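Undergrad:
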């Protein structure tokens, strides 16, 4: 009985399994490193590439993000890349405030500055405000 064809077939099968599981291994190893680095936790808002949202859950292989408009993204850790955690420490948040064309822009700036100063003086927001 010749077993050489059997060994060759098993070798080819092993190579196919190896290539097929490469992505899975990458996802799992990336997940381990994200968890060791404590990059994010459930409930935090993160952004990575085109994905952003609140972390609803994560497993060893992927993270589930809920976008602020509702959709859920299940992102494999191997695709995640660099993560911006918007819920930790401090974040500068720039917002756009629309005014009509006939508005007094200087008055709008003064009002916004005044609101920022009031928020900075409020004990509830003072610790989170760097500059009004």
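In my numbering, the protein residues as written are 590 to 721. Using N, Cα and C, we set each Cβ at its ideal position, and we do this for glycine too. None of the values given here were measured: they were computed from a predicted structure.
Between the alpha carbons of residue 715 and residue 706, how many angstroms are there, rounded?
TA: Cα to Cα, residue 715 sits roughly 9 Å from residue 706.
Undergrad: Taking 7 Å as the cut-off, is the beta-carbon of residue 684 closer than that to any non-hydrogen atom of the ligand SAH?
TA: Questions concerning the ligand SAH fall outside what the structure shown contains, since it holds no ligand whatsoever.
Undergrad: Counting only the same chain and skipping the five closest in sequence on each side, list residues whose C-beta sits under 7 Å from that of residue 628.
TA: So the qualifying residues of the chain are 672 and 674.
Undergrad: For the putative contact between residue 584 and residue 649, defined by C-beta atoms under 8 Å, what is the C-beta separation to the nearest angstrom?
TA: With the chain covering only 590 through 721, there is no way to say anything about residue 584.
Undergrad: Under the DSSP definition of a beta bridge, which residues are partnered with residue 663?
TA: DSSP, once it has assigned bridges, lists 653 as partnering residue 663.
Undergrad: Am I right that residue 642 and residue 662 are in contact with their C-beta atoms under 8 Å? What's the rounded C-beta distance?
TA: Right, the Cβ-Cβ distance comes to about 6 Å (below 8 Å), so this counts as a contact.
Undergrad: Run the CB neighbour count on residue 669, radius 10 Å, all protein chains shown included, and call it buried at 16 or more, exposed below.
TA: Buried: at least 16 other Cβ atoms inside 10 Å.
Undergrad: From residue 633 to residue 678, what does the alpha carbon distance come to, in whole angstroms?
TA: Roughly 12 Å between the two C-alpha positions.
Undergrad: DSSP three-state call for residue 806: helix, strand or coil?
TA: Residue 806 lies beyond the stretch modelled for the chain, which goes from 590 to 721, so this question has no answer here.
Undergrad: Bridge partners for residue 643 per DSSP, in chain order?
TA: Residue 643 pairs with 634 and 655.
Undergrad: Using alpha carbons as the reference points, say which of 658, 664, 691 and 695 lies closest to residue 616.
TA: Of the listed residues, the one whose Cα sits closest to residue 616 is 664.
Undergrad: Residue range of the alpha helix (DSSP H) that residue 629 falls in?
TA: Counting along the chain, residue 629 falls outside any alpha helix (DSSP H), and DSSP gives it neither H nor E.
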